[in-house]
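Each residue of the sequence shown is one higher than the one before, starting from 27 at the first, in my numbering. Where is the CB? At the ideal position from N, CA and C, for every residue including glycine. Note that the structure is predicted; figures quoted are calculated from it, not measured.
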Amino acid sequence: MGVQPDPSEVFQRAVDEGQRRLDQSPLELFATSFIAGFTIVFGIAALGIVEAAFASQFEDIASVAGALIFGTGIVFLVVGRAELFTENFFDPVAAAAENSQSWLVSKLVRLWVVTFVLNLVGGALMVWVLSVDGALPSGTAHALRGFAEDTVVRDPVAGFAKGITGGGLVTLLSFLLSAVNSVRSQITVSYMVGVLLALGPFDHVIVTVLHLLFGVFFGADIGLGTLAEITAVVTAGNIVGGLGLVTLSHIAQVQGAREDGG
27 MGVQPDPSEV
37 FQRAVDEGQR
47 RLDQSPLELF
57 ATSFIAGFTI
67 VFGIAALGIV
77 EAAFASQFED
87 IASVAGALIF
97 GTGIVFLVVG
107 RAELFTENFF
117 DPVAAAAENS
127 QSWLVSKLVR
137 LWVVTFVLNL
147 VGGALMVWVL
157 SVDGALPSGT
167 AHALRGFAED
177 TVVRDPVAGF
187 AKGITGGGLV
197 TLLSFLLSAV
207 NSVRSQITVS
217 YMVGVLLALG
227 PFDHVIVTVL
237 HLLFGVFFGA
247 DIGLGTLAEI
257 TAVVTAGNIV
267 GGLGLVTLSH
277 IAQVQGARED
287 GG
């Protein structure tokens with residue numbers, strides 16, 4: 027078993043990973059972002075399949091069973107080193123903070139905009155494929171549509187709060203991945219974060235929008251305005267939770283440790 031790294035070592039690992047992400051070529055960034063979009067859809071589809079299977083006889087635990095299977099979708103992302111929006115908050119910002127003399131804002135904006143758009147493009151394509159009649163088991167469409175219908179009627183304040191938590195969880199995953207020393211540990215923490223994300227359910231904008239798209243394809247009455255509003259609210263919450271709560275607080279932790287040590 028490896029020695030647990032201290033916060034400064036975790037931060038340096040994050041800096042190295044963040045620099046790698048910021049230095050990706052356009053083609054690599056487009057590809058990894060697109061891959062992340064359709065990869066996470068497998069987790070959403072699996073959640074719907076399992077919830078539908080349990081709902082008929084074990085309704086009380088159907089959502090828990092769905093959350094347990096959704097965690098595998100996050101594992102796929104991490105093992106495949108795909109680029110998911112908000113999961114790429116901590117590492118690149120750590121790199122930018124460490125290289126304060128360099129102008130990295132444009133690279134950060136490029137990373138986040140491309141990731142956001144290509145996550146949705148790749149995910150929407152896979153949602154469309156899986157929405158073909160008969161592509162998913164019986165009952166799955168009902169389960170996925172139900173989630174979408176519940177989402178559109180909730181209070182925006184609740185959506186913003188769920189977005190803060192979801193953004194914080196997924197960004198925390200980046201920190202945890204830098205804090206562990208083995209692939210097995212990375213898989214474990216990825217799975218745990220995925221389960222918690224679905225168990226809430228806490229909102230990650232890409233997951234939520236793709237889930238809503240499933241609902242649209244399966245007959246839920248969701249207008250473009252409603253979809254845009256939910257996207258904006260959850261994105262704002264993800265930014266507050268991912269950048270504000272997790273990223274900046276961990277950077278402050280390291281800076282404080284350096285000052286105490288120096």
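Excluding five sequence positions before and after Leu-146, the CB atoms of its chain that fall closer than 7 Å to its own CB belong to Gly-63, Ile-232 and Val-235, given in chain order.
Contact check for Phe-68 against Phe-115 fails: the beta carbons are separated by 8 Å or more.
In this structure, the CA atom of Leu-134 is about 43 Å from the CA atom of Ser-164. Leu-250 has its alpha-carbon roughly 33 Å from the corresponding atom of Asp-86.
In this structure, Ala-40 sits near Ser-204, with a CB-CB distance shorter than 8 Å. When DSSP states are grouped into helix, strand and coil, Val-196 belongs to the helix group.
At the C-beta level, Phe-228 and Thr-191 come within 8 Å of one another.
In this structure, DSSP gives Phe-102 a helical state, which the three-state scheme calls helix. Cβ neighbours of Ala-246 within its own chain (closer than 7 Å, five residues either side excluded): Arg-171, Ala-174 and Glu-175. Taking each of Val-104, Gly-241, Trp-138 and Gly-263 in turn and checking the Cα distance to Val-219, the smallest one comes out for Val-104. Counting only the Cα atoms, Glu-35 lies some 11 Å from Val-206. In this structure Ile-256 is in contact with Thr-177, their Cβ atoms being roughly 7 Å apart against a cut-off of 8 Å. For secondary structure counted as the alpha helix (DSSP H) over 4 or more consecutive residues, the segment 29-102 holds these complete runs in sequence order: 33-48 and 52-81.
Short of 6 Å from the beta carbon of Glu-43, and not among the five residues preceding or following it, lie these beta carbons of its own chain, in chain order: Asp-117. Between Glu-124 and Leu-199, the beta carbon gap of about 20 Å keeps them out of contact (Cβ cut-off 8 Å). In the three-state DSSP reduction, Gly-189 falls in the helix class (H, G or I). Assignment of Ala-108 by DSSP, reduced to helix, strand and coil, places it in the coil class. Annotated as proximal: Ala-93 and Leu-225, with beta-carbon spacing under 8 Å.
CA-CA distance, Arg-47 to Ala-161, rounds to 35 Å. Under the three-state reduction of DSSP, Leu-130 is assigned to coil, being neither helix nor strand. Within its own chain, the residues whose Cβ lies closer than 6 Å to the Cβ of Ala-72, once the five positions on either side in sequence are excluded, are Ile-95, listed in chain order.
Taken atom to atom, the span from the alpha-carbon of Ala-187 to that of Val-140 is near 25 Å. Boundaries cannot be given for Ile-248, as no alpha helix (DSSP H) includes it and DSSP labels it neither H nor E.
Taking the C-beta atoms as reference points, Gly-189 is found nearer than 8 Å to Gly-263. DSSP places Ser-216 in the uninterrupted alpha helix (DSSP H) bounded by 209-225. Taking all protein chains shown into account, Ala-169 has 16 or more neighbouring C-beta atoms within 10 Å of its C-beta and is therefore buried.
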